[in-house]
Amino acid sequence: MRNAFWLPTAMALALASQSNATIFSTYGDQDFAEGTIVFSNDEFLLPQAGEPSPIGVQFDPSTFQWTHTFAPSADASLLTISLWDLDANFPANQVASLLVNGVAQDVSPFEAFQDGDRVHLYQLPLAPGSLSTGSATVSLTLDNLSGNAVGFDFAQISSIPEPASLALLGGVLSLCLRRRGR
Ligand SMILES: [Ca+2]
Ligand SMILES: [Ca+2]
Ligand SMILES: [Ca+2]
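Structural data, given as structure tokens:
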């Protein structure tokens, strides 16, 4: 009986966690998973064919921007930006500024990974009301790269998983563990 109970519960948990975040807009498409090592500009650029500017490789210093459009929403939201080879271990901020609809965002998350040659998905919570107009123009300034090139794979705006759903998941999980322990 134990397995008969556990399997459907695990499936329910998997389904619940998948439906937890809503994707509002994706700019470009994801070609590299978090943590992928890419060895050259050419290797990074090959799968970017056909994607809109400024997807591709950027040099120092540069400012580039793109616009997300979506149905207006009051949801709390998360901006994910995938960059390759940011080399945040160099002094100062390699992402010097990030504006969303002209509002400056915290750039400290871009210092989180100090390794080079890898793709990282940087996740930035957006201020409440950021999705109210149905469009978000993102402007990103690179600086202090020491001649390095940085790849831009894709960007995405999604909802933040709701605490209520997480609490529900936690409750179901603890119930499962209690039953398994009997
Ligand atoms: Ca692609
Ligand atoms: Ca740095
Ligand atoms: Ca891409």
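Just so we're aligned: the sequence shown equals residues 10 to 191 in the numbering used here. For each residue, glycine too, the CB sits at the ideal point set by N, CA and C.
ask   = When you compare each of 43, 29, 47, 37 to residue 158 by their alpha carbons, which one comes out closest?
value = 47
inquiry  = Please classify residue 20 as buried or exposed, where buried requires at least 16 other C-beta atoms within 10 Å of its C-beta.
reply    = Here residue 20 scores only 46 on pLDDT, less than 50, and its place in the model should not be relied on; the value that follows carries that caveat. Residue 20 comes out exposed.
As assigned by DSSP and simplified to three states, the class of residue 103 = coil
query = Is residue 154 helix, strand or coil when you go by DSSP?
reply = coil
task = Within the same chain, show all residues whose beta-carbon is closer than 7 Å to that of residue 137, passing over the 5 residues directly before and after it, in chain order.
result = Contacts found: 85.
query = Can you check whether the CB of residue 79 is closer than 8 Å to the CB of residue 66?
reply = Their beta carbons are not under 8 Å apart, which means residue 66 does not touch residue 79 by this criterion.
task = Report the three-state DSSP secondary structure of residue 12 (helix, strand or coil).
result = Here residue 12 scores only 47 on pLDDT, less than 50, and its place in the model should not be relied on; the value that follows carries that caveat. Residue 12: helix per DSSP, three-state reduction.
Cutoff 7 Å; reference residue 123; Cβ partners in own chain excluding five residues on either side = 97, 98
query = Can you tell me whether DSSP reads residue 55 as helix, strand or coil?
reply = helix
Cβ contact (3+ pairs, closer than 8 Å) linking the segment 161-168 and the segment 32-42 = By the Cβ test, the segment 161-168 is in contact with the segment 32-42, since at least three Cβ pairs between them sit closer than 8 Å.
inquiry  = The beta strand (DSSP E) that contains residue 91, what's its start and end?
reply    = 86-93
query = Measuring CA to CA, which of 151, 127, 91 is closest to residue 71?
reply = 151
inquiry  = On the DSSP letters alone, give me the boundaries of the beta strand (DSSP E) that residue 192 sits inside.
reply    = In the structure displayed, the chain extends from 10 to 191; residue 192 sits before or after that span and is not available.
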